[in-house]
Amino acid sequence: MALIRRLTPVDDEFPQLLLETKDIPAFLTVLGSLPQGCAIAVVGSRKPSVYARRMTRRVAAGLAEAGVIVVSGLARGIDTAAHEAALDAGGITWAVLGSGLKRIYPSENAKLAQRIVAGGGAILSQFEPAVGPSRHHFPMRNKIVSGLCLGVVVVEGTGQSGSLITARSAADQSREVMCVPGPVDTPSGEAVYRLLRDGATPVRNAEDVLEHLGLQSTPLGGSLNLTNEEEGATVAEYKILELLGSNSLTIEELIGETGYNLPHLLSLLSYMEGKGSIVPVAGQGYARS
Numbered sequence: 057m058a059l060i061r062r063l064t065p066v067d068d069e070f071p072q073l074l075l076e077t078k079d080i081p082a083f084l085t086v087l088g089s090l091p092q093g094c095a096i097a098v099v100g101s102r103k104p105s106v107y108a109r110r111m112t113r114r115v116a117a118g119l120a121e122a123g124v125i126v127v128s129g130l131a132r133g134i135d136t137a138a139h140e141a142a143l144d145a146g147g148i149t150w151a152v153l154g155s156g157l158k159r160i161y162p163s164e165n166a167k168l169a170q171r172i173v174a175g176g177g178a179i180l181s182q183f184e185p186a187v188g189p190s191r192h193h194f195p196m197r198n199k200i201v202s203g204l205c206l207g208v209v210v211v212e213g214t215g216q217s218g219s220l221i222t223a224r225s226a227a228d229q230s231r232e233v234m235c236v237p238g239p240v241d242t243p244s245g246e247a248v249y250r251l252l253r254d255g256a257t258p259v260r261n262a263e264d265v266l267e268h269l270g271l272q273s274t275p276l277g278g279s280l281n282l283t284n285e286e287e288g289a290t291v292a293e294y295k296i297l298e299l300l301g302s303n304s305l306t307i308e309e310l311i312g313e314t315g316y317n318l319p320h321l322l323s324l325l326s327y328m329e330g331k332g333s334i335v336p337v338a339g340q341g342y343a344r345s
């Protein structure tokens, strides 16, 4: 039987991307596995349309099949559809809760939470295990969702949707914000309309997401590779290793030295960490192994 673990920012298993944000929680409680890999959030309405459910399944399943970890908040609607689609595709998904891990919310998703853990993923929370859900917890949860990921895909939502908070958090954390376009003549289309108006990237499927982030699809269980036409992955890896030398460098320092954009750099670092050529250093970025 899996046990709840408590991770702090100094623990090796603590998600590295969260350490590069200003929203680092004092601790995370985790049930399940936190494998290394590229993660993308898929979020949206709690009362989605048939179209939104279909598009969520298309995007989440495609990402899972490409080896991406699909992250969402275990809420009703789009979150549930994203988790289920990732699992049905044989992929990994993480659920970030607005309650403690012993108080699954909504309660009808308790079996889904069990399925996520059994499928090799995890449920996470920044709250103590016995803490119940509260309205003010969910904006905090949404910052963790975006902080774990290279980018966020929003699929439908009203003007009051929590997905707007997730998208704003993503932008503040220098993550990519993407949206699935939909009708603009219904209240449920307001969130996506606002985000697109403000510069979010429209996407139709997982291929669009991967292309925007500079990633290429690989079989399940493989590592995502970079698709930089001007510079092959081996050259990019050499540049990172040369910069690191005997020192550790933060994400910001590596961006300044390489000129890479954030999604490209994070993808490369995740790939190199998976190969074992670099290691995360708590609060200090990365160092050579």
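Using the working numbering, read the sequence shown as starting at 57 and increasing by one per residue. In this text, a Cβ means the ideal position worked out from N, Cα and C, and glycines have one as well.
Helix, strand or coil: which one does DSSP assign to Val-231?
-> What you label residue 231 is simply residue 175 of the sequence shown in a count that begins at 1. What sits at residue 231 in the sequence shown is Arg, not Val. Three-state result, Arg-231: coil.
What residue range is occupied by the uninterrupted beta strand (DSSP E) comprising Leu-84?
-> Reading the sequence shown from its first residue, position 28 is the one you call residue 84. Unbroken beta strand (DSSP E) run through Leu-84: 84 to 88.
For the region 96 to 144, which segments carrying the beta strand (DSSP E) assignment without a break, of at least 3 residues, lie completely within its bounds, in sequence order?
-> Annotation note: the region 96 to 144 contains the following uninterrupted beta strand (DSSP E) runs of length 3 or greater, listed N- to C-terminal: 125 to 128.
Reduced DSSP category for Gly-288 - H, G, I as helix; E, B as strand; rest coil = Position 232 of the sequence shown, counted from the first residue, corresponds to residue 288. Low per-residue confidence applies at Gly-288: pLDDT is 44, beneath 50, and the placement is therefore not dependable enough to give any value.
Residues that Arg-7 bridges to, as DSSP identifies them | In the structure displayed, the chain extends from 57 to 345; residue 7 sits before or after that span and is not available.
Return the Cβ separation of Glu-71 and Ile-148 in integer angstroms, given the expectation that the two are a contact with Cβ distance under 8 Å.
-> In the sequence shown, counting from the first residue as 1, residue 71 sits at position 15. In the sequence shown, counting from the first residue as 1, residue 148 sits at position 92. According to the sequence shown, residue 71 is Pro rather than Glu. Not really, about 13 Å apart at Cβ, beyond 8 Å.
Can you give me the Cβ contacts of Arg-61 inside the same chain, cut-off strictly under 6 Å, excluding the 5 residues immediately before and after it?
-> Position 5 of the sequence shown holds residue 61. Answer for Arg-61: Val-86, listed in chain order.
Quickly, what does DSSP pair Ile-334 with across the bridge? List them, please.
-> As a position in the sequence shown, residue 334 is number 278, starting the count at 1. Partner(s): Arg-344.
Using the beta-carbon count (16 or more within 10 Å), is Lys-199 buried or exposed?
-> Mapped onto the sequence shown, residue 199 falls at position 143. So Lys-199 counts as buried.
Out of Ala-138, Val-106, Glu-313, Met-196, point me to the one whose CA is closest to Ala-116's CA.
-> Numbered from its first residue, the sequence shown carries residue 116 at position 60. With distances taken between Cα atoms, Ala-116 lies closest to Ala-138.
Given Gly-301, which residues of its chain have a CB within under 8 Å of its CB, disregarding the five upstream and five downstream residues?
-> Taking the sequence shown and counting its residues from 1, one reaches residue 301 at position 245. Result list for Gly-301: Arg-344, in chain order.
Assigned secondary structure, Ile-221 (DSSP; H/G/I helix, E/B strand, else coil) | Your numbering for residue 221 matches position 165 in the sequence shown. Of the three classes helix, strand and coil, the one that applies to Ile-221 here is helix, per DSSP.
Any 3 or more C-beta pairs closer than 8 Å across the region 202 to 211 and the region 72 to 85 = yes
Boundaries of the beta strand (DSSP E) in which Thr-149 is found, first to last residue = Working through the sequence shown from its first residue, we reach residue 149 at position 93. Run containing Thr-149: 149 to 152, per the beta strand (DSSP E) assignment.
Over the uninterrupted alpha helix (DSSP H) stretch that includes Ile-307, give me the two end residues.
-> Position 251 of the sequence shown holds residue 307. Taken as a continuous stretch (DSSP letters only), the alpha helix (DSSP H) holding Ile-307 covers 307 to 314.
Pick from Arg-197, Leu-318, Ala-227, Gly-341 that is closest to Ala-131, judged by C-alpha positions = Mapped onto the sequence shown, residue 131 falls at position 75. Ranking Arg-197, Leu-318, Ala-227, Gly-341 by Cα distance to Ala-131 puts Arg-197 first.
Quick one: using the 10 Å Cβ neighbour count with 16 as the cut-off for buried, is Asp-135 buried or exposed?
-> Counted from its first residue, the sequence shown places residue 135 at position 79. Classification of Asp-135: buried, given that the 10 Å Cβ count is 16 or more.
Close Cβ partners of Gly-277 (< 8 Å) along its chain, the five nearest in sequence each way excluded = The residue given as residue 277 occupies position 221 in the sequence shown. Interpretation of Gly-277 is limited by its pLDDT of 49, a score under 50 that renders its predicted location unreliable; the figure taken from the coordinates is listed afterwards. Cβ neighbours of Gly-277 beyond the five flanking positions: Gly-123.
Compare the Cα-Cα distances from Pro-239 to each of Ala-108, Leu-269, Asp-67 and report the closest residue.
-> Start at 1 with the first residue of the sequence shown, and residue 239 comes out as number 183. When each option's Cα is compared against that of Pro-239, the closest is Ala-108.
As assigned by DSSP and simplified to three states, the class of Val-248 | Counting from 1 along the sequence shown, the entry for residue 248 is found at position 192. Helix, per DSSP.
Expressed to the nearest angstrom, what Euclidean distance is found between the alpha-carbon atoms of Leu-63 and Ala-97?
-> On the sequence shown, residue 63 is found 7 positions in, with the first residue counted as 1. On the sequence shown, residue 97 is found 41 positions in, with the first residue counted as 1. If you take the alpha carbons of Leu-63 and Ala-97, they lie about 21 Å apart.
Would you tell me roughly how many angstroms separate the C-alpha atoms of Glu-129 and Ala-292, rounded to the nearest one?
-> Translated into the one-based positions of the sequence shown, residue 129 becomes position 73. Translated into the one-based positions of the sequence shown, residue 292 becomes position 236. Note on residue identity: the sequence assigns Gly, not Glu, to residue 129. So the two alpha carbons sit approximately 34 Å from each other.
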